[in-house]
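Protein sequence lines, in the order shown, are assigned to chains G and C.
Here the first sequence is numbered in full-length UniProt numbering, starting from 1 and rising by one per residue.
Here the second sequence is numbered in full-length UniProt numbering, starting from 1 and rising by one per residue.
Input: a single structure, listed below in structure tokens.
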Amino acid sequence: MQLESMYQEIILDHYRNPHHKGLRDPYDAEVHHVNPTCGDEVTLRVRLDGDDVADVSYDAMGCSISQASASVMADLIIGRPVKEAMNTGDEFLKLMQSKGQVDPDEDVLEDAVAFSGVSKYPARIKCALLAWMAWKDATAKAMEAQA
Amino acid sequence: MSIDVGRVRKDFPILTRSVRDGRPLVYLDSANTSQKPLQVIDAIEEYYSRHNANIHRATHQLGEEATEAYEGARLKVAGFIGAADESEVVFTKNISEGINLVAYAMGNAATSGPEAERFRVGPGDEIVITEMEHHSNIVPWQLLAQRTGATLRWFGVTDDGRLDLTDVDELINERTKIVSVAHQSNVLGTVNPVREIAAKAHAVGALVLVDGAQAVPQMPVDVAELGADFYGFTAHKLCGPTGIGVLWGRRELLETLPPFLGGGEMIETVAMERSTYAPPPHKFEAGTMPIAEAAGLSAAIDYLRGIGLEEIHAYEHELLAYALDRLREVEGLRLLGPAEAEDRGGALSFTLQGLDGREIHPHDVSQVLDAHGVAVRAGHHCARPLHRRFGLTASTRASLYFYNTRDEVDALADGLRQTQKFFSAA
Ligand SMILES: Cc1ncc(COP(=O)(O)O)c(C=O)c1O
Ligand SMILES: [Zn+2]
Numbered sequence: 001m002q003l004e005s006m007y008q009e010i011i012l013d014h015y016r017n018p019h020h021k022g023l024r025d026p027y028d029a030e031v032h033h034v035n036p037t038c039g040d041e042v043t044l045r046v047r048l049d050g051d052d053v054a055d056v057s058y059d060a061m062g063c064s065i066s067q068a069s070a071s072v073m074a075d076l077i078i079g080r081p082v083k084e085a086m087n088t089g090d091e092f093l094k095l096m097q098s099k100g101q102v103d104p105d106e107d108v109l110e111d112a113v114a115f116s117g118v119s120k121y122p123a124r125i126k127c128a129l130l131a132w133m134a135w136k137d138a139t140a141k142a143m144e145a146q147a
Numbered sequence: 001m002s003i004d005v006g007r008v009r010k011d012f013p014i015l016t017r018s019v020r021d022g023r024p025l026v027y028l029d030s031a032n033t034s035q036k037p038l039q040v041i042d043a044i045e046e047y048y049s050r051h052n053a054n055i056h057r058a059t060h061q062l063g064e065e066a067t068e069a070y071e072g073a074r075l076k077v078a079g080f081i082g083a084a085d086e087s088e089v090v091f092t093k094n095i096s097e098g099i100n101l102v103a104y105a106m107g108n109a110a111t112s113g114p115e116a117e118r119f120r121v122g123p124g125d126e127i128v129i130t131e132m133e134h135h136s137n138i139v140p141w142q143l144l145a146q147r148t149g150a151t152l153r154w155f156g157v158t159d160d161g162r163l164d165l166t167d168v169d170e171l172i173n174e175r176t177k178i179v180s181v182a183h184q185s186n187v188l189g190t191v192n193p194v195r196e197i198a199a200k201a202h203a204v205g206a207l208v209l210v211d212g213a214q215a216v217p218q219m220p221v222d223v224a225e226l227g228a229d230f231y232g233f234t235a236h237k238l239c240g241p242t243g244i245g246v247l248w249g250r251r252e253l254l255e256t257l258p259p260f261l262g263g264g265e266m267i268e269t270v271a272m273e274r275s276t277y278a279p280p281p282h283k284f285e286a287g288t289m290p291i292a293e294a295a296g297l298s299a300a301i302d303y304l305r306g307i308g309l310e311e312i313h314a315y316e317h318e319l320l321a322y323a324l325d326r327l328r329e330v331e332g333l334r335l336l337g338p339a340e341a342e343d344r345g346g347a348l349s350f351t352l353q354g355l356d357g358r359e360i361h362p363h364d365v366s367q368v369l370d371a372h373g374v375a376v377r378a379g380h381h382c383a384r385p386l387h388r389r390f391g392l393t394a395s396t397r398a399s400l401y402f403y404n405t406r407d408e409v410d411a412l413a414d415g416l417r418q419t420q421k422f423f424s425a426a
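Below, the structure written as structure tokens:
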């Protein structure tokens with residue numbers, strides 16, 4: 001059944017046991033994003049350390065895809081240079097827009113390749129992107145505050 | 001049940017198709033939009049293949065036929081909802097536009113003549129809605145309140161999904177200008193005591209608008225008997241096409257209500273400095289209207305009447321009672337709205353827990369159901385405040401119509417159990 005292509009085991013694992021969930025101090029910027037189609041909501045905090053992502057924490061309510069995506073994202077980007085993390089975010093966005101036609105770059109996306117099945121379901125793409133969009137927004141705000 | 005559902009289903013070509021790798025479609029999303037019978041599809045095709053022209057302005061035979069199709073639909077609607085005459089029936093794009101029409105026209109009353117006095121709202125005036133409204137019956141009133149300085153107030157909802165009328169005499173008072181309420185909730189299925197509310201509103205001189213989007217498809221509606229001043233509905237939920245809705249208004253109100261949209265067809269005379277307006281309903285129909293859609297709506301009304309609104313209501317009531325029983329058997333399912341079928345329509349919104357006791361998000365529920373061919377809606381169903389009231393951001397909604405069967409309800413219940421298995425840790 002096609003269901004398994006969307007709900008890969010990695011996604012279900014992250015959904016059941018999300019990483020980095022729960023808002024943490026200190027932080028430089030906090031944002032709240034919602035996905036109006038599904039009602040998914042995320043509050044996300046970012047702390048920067050120079051050019052690095054020092055910390056990302058979040059509180060999320062929503063579907064398995066949006067929750068798992070936030071968890072996978074936090075794993076991927078905490079401790080990485082902001083620039084690299086942004087690049088990963090761009091790759092993820094490309095994957096989500098691919099309608100399942102693109103082979104994801106596992107070196108860049110790591111566990112996030114598991115979301116490739118989601119890209120075939122237009123209604124769910126926003127779920128997978130929610131945390132990423134929130135993180136980009138929060139990071140931009142944090143950088144603005146620093147500048 | 002006096003509906004032969006097997007025969008009815010033959011009228012709906014879409015119900016025979018399969019989805020997601022060959023699974024038979026189980027369509028349980030009619031509160032969102034209903035499916036269309038051949039009779040309606042054919043009427044639209046016939047209109048375009050034989051009669052298409054613009055209305056009111058063409059002086060040729062096709063123009064006459066198109067005008068006949070459009071104005072004939074108006075007459076049909078008037079009879080269908082018990083309007084005093086067809087001039088009380090305004091066509092809109094959907095019910096959202098109908099509600100906006102009233103809200104904006106009331107806003108325009110501030111700068112209109114003394115005849116529009118009773119529509120004026122300003123600081124100190126109150127607009128009353130309810131917590132169970134669709135966003136279409138919330139946002140236009142928020143906008144009106146913002147534009148005019150009026151205050152928006154609302155009825156709460158009880159735990160079992162009925163309107164909380166305990167403070168009705170405080171909420172509806174001499175400051176109230178308009179009360180706008182759903183006849184039937186699109187989330188809870190609750191049928192509201194519109195007649196009582198209208199009587200209270202009229203006692204203090206307030207206007208009453210009723211959102212009939214969910215009620216008109218499911219039960220016989222008589223606007224005169226309800227005591228409303230305005231009543232709106234949308235064709236696509238009653239087997240008709242998208243793109244057309246109806247706003248009924250009492251004649252003397254439509255006469256003095258200022259216009260909403262300006263344009264061709266809504267005028268009497270136009271000079272460069274100012275214009276005068278056509279009498280209702282045309283005053284509210286600017287520009288080329290959805291003519292083919294009106295023909296489709298007319299066919300939909302014929303179709304529903306052919307089956308019988310009483311019969312549809314009775315059939316749905318029994319199917320709803322059956323569905324309530326089936327869903328009650330699903331462990332971990334929490335139903336929103338009245339648990340019994342009385343004063344309740346066929347919208348079944350619920351939350352679902354997995355076998356591990358953890359909530360399964362509605363979007364995930366609907367995804368698994370979809371993989372089994374069962375089409376439902378997930379989200380807040382354009383009623384976010386109502387979901388907040390129940391401490392939720394979203395629910396899953398299955399909604400029934402007269403072409404649904406007990407087998408389909410069973411397929412839903414099975415699908416929900418599959419969903420629980422799928423999301424519970426192995
Ligand atoms: C109660 C209610 N009001 C208003 C609407 C809005 O209908 P439409 O989108 O056709 O304007 C709907 C349907 O979505 C509804 O169920
Ligand atoms: Zn989602």
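Heads up, the beta-carbon is just placed ideally off N, CA and C, and yes, glycines get one too.
Asked	Found
Contacting positions in the segment 380 to 412 of chain C - beta carbon closer than 8 Å to chain G	380, 384, 387, 393 and 394
Test: residue 367 of chain C CB closer than 9 Å to a CB of chain G	yes
CB contact below 9 Å: residue 27 of chain G versus chain C	no
Beta carbon proximity, residue 133 of chain G to chain C, threshold 9 Å	no
For residue 395 of chain C and residue 346 of chain C, the rounded distance between their alpha carbons	15 Å
Same chain only: Cβ atoms within 7 Å of residue 393 of chain C, ignoring 5 sequence neighbours per side	380 and 387
Residue 30 of chain G, DSSP secondary structure in three states	strand
Span of the alpha helix (DSSP H), counted from its first residue to its last, around residue 125 of chain G	122 to 146
Interface flag, residue 123 of chain G vs chain C, CB-CB below 9 Å	yes
CB contact below 9 Å: residue 364 of chain C versus chain G	yes
Range covered by the alpha helix (DSSP H) that runs through residue 77 of chain G	64 to 77
Selected residue, minimal CA-CA separation from residue 38 of chain C, among C:54, C:233 and C:9	C:9
Contact with chain G by residue 233 of chain C, beta-carbon distance below 9 Å	no
Whole-number beta carbon distance between residue 210 of chain C and residue 228 of chain C, since they are thought to touch under 8 Å	4 Å
Amino acids of chain G, ordered along the chain, whose beta-carbon sits closer than 7 Å to that of residue 361 of chain C	62, 63 and 64
Own chain, CB closer than 7 Å to residue 212 of chain C, minus 5 neighbours either side, in chain order	183, 221, 231, 232 and 233
beta-carbon residue 54 of chain C near ligand 1 non-hydrogen atom, thresh 8 Å	no
Test item: CB-CB of residue 368 of chain C and residue 405 of chain C under 9 Å	no
Counted within 10 angstroms of its Cβ, other Cβ atoms place residue 104 of chain G as buried (16 or more) or exposed	buried
Strand pairing of residue 47 of chain G, partner residues [DSSP]	G:55
Run of the beta strand (DSSP E) containing residue 376 of chain C, from where it starts to where it stops	It is not in any beta strand (DSSP E) - residue 376 of chain C carries neither H nor E in the DSSP assignment.
C-beta contact flag for residue 44 of chain C and residue 295 of chain C at 9 Å	yes
Expected contact under 8 Å - CB spacing of residue 42 of chain G and residue 70 of chain G to nearest Å	6 Å
Span separating the alpha-carbon of residue 407 of chain C from that of residue 55 of chain G	52 Å
Sufficient close CB pairs (3 or more, under 8 Å) joining the segment 281 to 288 of chain C to the segment 111 to 124 of chain G	no
Neighbouring residues, chain C, relative to residue 39 of chain G (Cβ below 7 Å)	379, 380, 393 and 394
Neighbourhood of residue 376 of chain C by C-beta, 7 Å cutoff - its chain only, sequence neighbours within 5 removed	28, 29, 366, 369, 396, 397 and 398
Burial state of residue 94 of chain C, where buried means 16 or more other Cβ atoms lie within 10 Å	buried
Paired residues, beta bridge with residue 360 of chain C - DSSP	C:352
Entirely enclosed alpha helix (DSSP H) segments - the segment 81 to 160 of chain C, minimum 4 residues	95 to 108 and 139 to 148
Cβ pair count under 8 Å reaching 3, the segment 237 to 249 of chain C against the segment 299 to 313 of chain C	yes
Residue 316 of chain C versus residue 415 of chain C: straight-line alpha-carbon distance, rounded	21 Å
Backbone CA spacing between residue 91 of chain C and residue 45 of chain G [nearest angstrom]	49 Å
Option nearest residue 22 of chain G by Cα separation, candidates G:91, G:138, G:132 and G:67	G:67
Nearest-angstrom Cα separation, counted from residue 104 of chain C out to residue 143 of chain C	9 Å
Short CB-CB distance (under 9 Å) between residue 96 of chain G and chain C	no
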